[in-house]
Amino acid sequence: EECTFANSWLWKNDKGSRPFCKDANISLIYRVNLERSLQYGIVGSATPDAKIVRISLDDDSTGAGIHLNDQLGYRFFKAGYTTLDAYFREWSTDAIAQDYRFSFNASNDKAQILKTFPVTNVNANFERKEVSGFELGVTGSVEADKNGPKAKLEAKASYTQSRWLTYNTQDYRIERSAKNAQNVSFTWNRQQYATAESLLNRSTDALWVETYPVDVNRISPLSYASFVPKMDVIYKASPKETGSTDFVIDSSVNIRPIYNGAYKHYYVVGSHQSYHGFEDTPRRRVTKSASFTVDWDHPVFTGGRPVNLQLASFNNRCIEADDQGRLMATTCDSQQAAQSFIYDQQGRYVSASNTKLCLDGEALDSLHTCNQNLTQRWEWREGSDELSNVFNGEVLGHDKQTGELGLYSTGSDAVSLRTITSYTNVFHEQESSPVLGLTQGKVNQQ
Numbered sequence: 001e002e003c004t005f006a007n008s009w010l011w012k013n014d015k016g017s018r019p020f021c022k023d024a025n026i027s028l029i030y031r032v033n034l035e036r037s038l039q040y041g042i043v044g045s046a047t048p049d050a051k052i053v054r055i056s057l058d059d060d061s062t063g064a065g066i067h068l069n070d071q072l073g074y075r076f077f078k079a080g081y082t083t084l085d086a087y088f089r090e091w092s093t094d095a096i097a098q099d100y101r102f103s104f105n106a107s108n109d110k111a112q113i114l115k116t117f118p119v120t121n122v123n124a125n126f127e128r129k130e131v132s133g134f135e136l137g138v139t140g141s142v143e144a145d146k147n148g149p150k151a152k153l154e155a156k157a158s159y160t161q162s163r164w165l166t167y168n169t170q171d172y173r174i175e176r177s178a179k180n181a182q183n184v185s186f187t188w189n190r191q192q193y194a195t196a197e198s199l200l201n202r203s204t205d206a207l208w209v210e211t212y213p214v215d216v217n218r219i220s221p222l223s224y225a226s227f228v229p230k231m232d233v234i235y236k237a238s239p240k241e242t243g244s245t246d247f248v249i250d251s252s253v254n255i256r257p258i259y260n261g262a263y264k265h266y267y268v269v270g271s272h273q274s275y276h277g278f279e280d281t282p283r284r285r286v287t288k289s290a291s292f293t294v295d296w297d298h299p300v301f302t303g304g305r306p307v308n309l310q311l312a313s314f315n316n317r318c319i320e321a322d323d324q325g326r327l328m329a330t331t332c333d334s335q336q337a338a339q340s341f342i343y344d345q346q347g348r349y350v351s352a353s354n355t356k357l358c359l360d361g362e363a364l365d366s367l368h369t370c371n372q373n374l375t376q377r378w379e380w381r382e383g384s385d386e387l388s389n390v391f392n393g394e395v396l397g398h399d400k401q402t403g404e405l406g407l408y409s410t411g412s413d414a415v416s417l418r419t420i421t422s423y424t425n426v427f428h429e430q431e432s433s434p435v436l437g438l439t440q441g442k443v444n445q446q
């Protein structure tokens with residue numbers, strides 16, 4: 001129904017209707033990255049200190065595209081009455097896209113557009129492969145820091161995250177429009193052979209000629225078959241931002257059938273026909289929307305790589321927090337957020353399942369609301385597996401039978417002071433979410 005129009009524009013009430021598309025669909029896979037950039041470098045060239053949401057349709061994640069037709073066909077109609085000086089023939093050609101439009105919108109001012117690609121408008125017949133790069137400040141890899149998972153969160157390197165985007169605009173001009181800091185849209189607007197009149201390959205003929213007057217070779221396949229756009233939108237939020245923001249991606253195609261008619265010119269000594277294109281014909285914009293919600297309190301936005309705390313007197317027990325924040329010793333699971341912590345800049349162990357809660361030496365039966373208390377700050381003793389509390393210098397220990405945590409000056413037969421820490425893998429899972437109602441998109445947490 002979305003691609004059904006009248007068979008004839010001149011005699012729309014008499015000739016019925018038909019689908020002007022065959023196997024039409026929208027199949028796009030957006031790549032969404034949630035990540036944190038830490039400030040790194042000197043003023044002027046420093047990487048941003050910000051929470052980042054990056055939405056891309058690049059060469060590695062595109063989908064099958066927007067498809068209207070495999071090829072363009074047409075129907076031929078005649079007036080059902082005798083004509084002298086009037087339109088008497090008509091051709092209706094299958095649908096093409098008058099434009100494609102992609103709009104990105106954030107629901108509130110917590111997020112602001114940092115960068116887009118294309119940066120400006122792009123002319124028709126532009127063909128080039130370009131890279132959209134963005135430099136982030138990162139904590140570095142295991143090899144980059146001798147302390148590995150015992151290292152506090154801080155920027156130790158910069159990393160350029162690149163997206164390759166191949167453009168071949170052909171008949172279309174790309175128009176970029178930003179209404180405000182939360183909204184940007186890109187429109188592939190038909191610029192070459194944009195009217196039905198411009199597609200004609202003949203202007204007049206004798207009356208007995210019934211040749212199809214449209215040169216469909218002037219219409220590139222990009223106009224109707226498996227169009228795949230390329231774009232990159234980067235939003236930023238304050239490193240202290242909380243709450244959430246809804247992101248909505250609207251993808252649309254403005255469908256138009258092509259109607260051309262032949263006008264009979266009658267005069268005393270003869271007659272002929274002239275060909276014309278009709279522009280006051282219907283268009284239909286079909287829009288599909290995809291949305292996702294970003295929780296700015298998510299631990300991925302701390303910028304740290306999650307670690308666990310394993311009790312060394314047990315073969316396979318790690319500290320885990322339940323939904324109420326109560327601490328217990330359970331079997332280690334590297335993909336369990338409840339066993340994961342961010343060792344932040346201040347030396348606090350922030351829960352990866354609730355970034356408002358921290359490990360507090362004052363009461364080790366449960367996590368406590370993060371604050372600036374020294375009891376929440378921890379330091380690894382050089383060359384050992386002992387984690388000491390900054391406030392009193394005592395070491396995190398655990399009961400060898402029950403795993404109950406406590407602070408101790410020395411170990412004993414009943415208490416172990418050894419704690420092992422290693423990286424967990426809770427941010428690198430790919431989550432799928434519906435994109436445009438027809439395919440699956442990837443949401444990456446980095």
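Using UniProt numbering, read the sequence shown as starting at 1 and increasing by one per residue. Yeah, the Cβ is synthetic: ideal placement off N, Cα and C, and Gly gets one too. Source: prediction; values computed, not measured.
Item                                                                                                                                                                    : Value
Check whether the region 203-215 touches the region 95-108, taking contact to mean three or more Cβ pairs, one atom from each stretch, closer than 8 Å.                 : no
Measuring CB to CB, does V253 end up less than 9 Å from I26?                                                                                                            : yes
With a Cβ-Cβ cutoff of 9 Å, do L407 and L364 count as a contact?                                                                                                        : yes
Taking the alpha-carbon of K78 as reference, which of R128, V286, W11 and G243 has the nearest alpha-carbon?                                                            : W11
Keeping to the same chain, check which residues put their C-beta closer than 7 Å to that of D295; ignore five residues upstream and five downstream.                    : S244
With distances taken between CB atoms, is the gap from H67 to D94 smaller than 9 Å?                                                                                     : no
For the region 297-311 and the region 113-125, state whether three or more C-beta atom pairs, one from each stretch, are separated by less than 8 Å.                    : no
Counting C-beta neighbours from all protein chains within 10 Å, is the total for L327 16 or more, i.e. buried, or is it exposed?                                        : buried
Going by DSSP, what residue range makes up the beta strand (DSSP E) through W91?                                                                                        : A86 to A106
Which residues bound the beta strand (DSSP E) around L327?                                                                                                              : L327 to T330
Can you name, in chain order, every residue of its own chain whose Cβ lies under 6 Å from the Cβ of E320, other than the five neighbours on each side?                  : M328, T330, A338 and Q339
If I measure Cβ to Cβ from Q376 and keep anything under 6 Å in the same chain, skipping five residues before and after, which residues do I get?                        : R348, C358 and D360
What residue from P19, R218 and Y167 has the CA that sits closest to R129's CA?                                                                                         : For the sequence presented, residue 129 should be read as Lys rather than Arg. When only C-alpha atoms are compared, the closest one is Y167.
Would the beta-carbon of L387 fall within 9 Å of that of E379?                                                                                                          : yes
Kindly indicate which residue of Q324, Y343 and C318 has the alpha-carbon position closest to the one of S334.                                                          : C318
Does T419 pass the burial test, meaning 16 or more other C-beta atoms within 10 Å, or should it be called exposed?                                                      : buried
Kindly examine the ligand HEM and report whether one of its heavy atoms sits closer than 8 Å to the Cβ of R190.                                                         : Absence of the ligand HEM from the depicted structure is noted, as is the absence of any ligand whatsoever, leaving it without description.
Please name the residue or residues paired with R317 in a DSSP beta bridge.                                                                                             : In the DSSP output, where bridge partners are listed per residue, R317 has none listed.
If you compare alpha carbons, which of A6, F104 and F88 is closest to M231?                                                                                             : F104
Excluding the five sequence neighbours on either side, which residues of its own chain have a C-beta within less than 7 Å of the C-beta of V390, listed in chain order? : G347, L374, R377, W378 and E379
Rounding to the nearest angstrom, what Cα-Cα distance links K240 and D246 in this structure?                                                                            : 18 Å
So, is L371 buried or exposed, given that buried needs 16 or more other C-beta atoms within 10 angstroms?                                                               : First, the residue type needs correcting, since residue 371 is Asn and not Leu in the sequence shown. Exposed, by the Cβ-count rule.
Identify which residue in D399, R75, A312 and Y275 has its Cα closest to the Cα of S422.                                                                                : A312
Here's the rule I'm using: 16 or more other beta-carbon atoms within 10 Å means buried, otherwise exposed. How should E35 be labelled?                                  : buried
So, is N217 buried or exposed, given that buried needs 16 or more other C-beta atoms within 10 angstroms?                                                               : exposed
Are the beta-carbon atoms belonging to Y212 and F76 less than 9 Å from one another?                                                                                     : yes
DSSP puts D358 in a beta bridge; with which residues?                                                                                                                   : The sequence as given places Cys at residue 358; Asp does not occur at that position. Paired residues: V350 and H368.
Below 9 Å between beta carbons: does that hold for R163 and V131?                                                                                                       : yes
In the structure shown, what three-state DSSP assignment does P221 receive?                                                                                             : helix
Spell out the partners DSSP gives residue 451 in its beta bridges.                                                                                                      : Examination of residue 451 is not possible in this model, given that the chain is present from 1 through 446 alone.
Count the other CB atoms within 10 Å of the CB of G383; is the residue buried (16 or more) or exposed (fewer)?                                                          : exposed
Going by alpha carbons, who is nearest to A6 out of S238, P257 and I174?                                                                                                : P257
At what residue ranges does the region 228-287 contain a whole run of the beta strand (DSSP E), taking only runs of 3 or more?                                          : 231-237, 244-267 and 270-277
Which residue wins for smallest C-alpha separation from F193, given the options T187, A178 and Y172?                                                                    : Here residue 193 is Tyr; the residue named in the question, Phe, does not match the sequence. For Y193, the nearest C-alpha among the options comes from Y172.
Using the Cβ count rule (16 or more neighbours within 10 Å means buried), how would you classify E127?                                                                  : exposed
Just the Cα atoms here: how many angstroms apart are S141 and S177?                                                                                                     : In this predicted model, S141 has a pLDDT of only 45, less than 50, meaning its place in the structure is not dependable; the value taken from the coordinates is given anyway. Taking the straight line from one Cα to the other gives about 39 Å.
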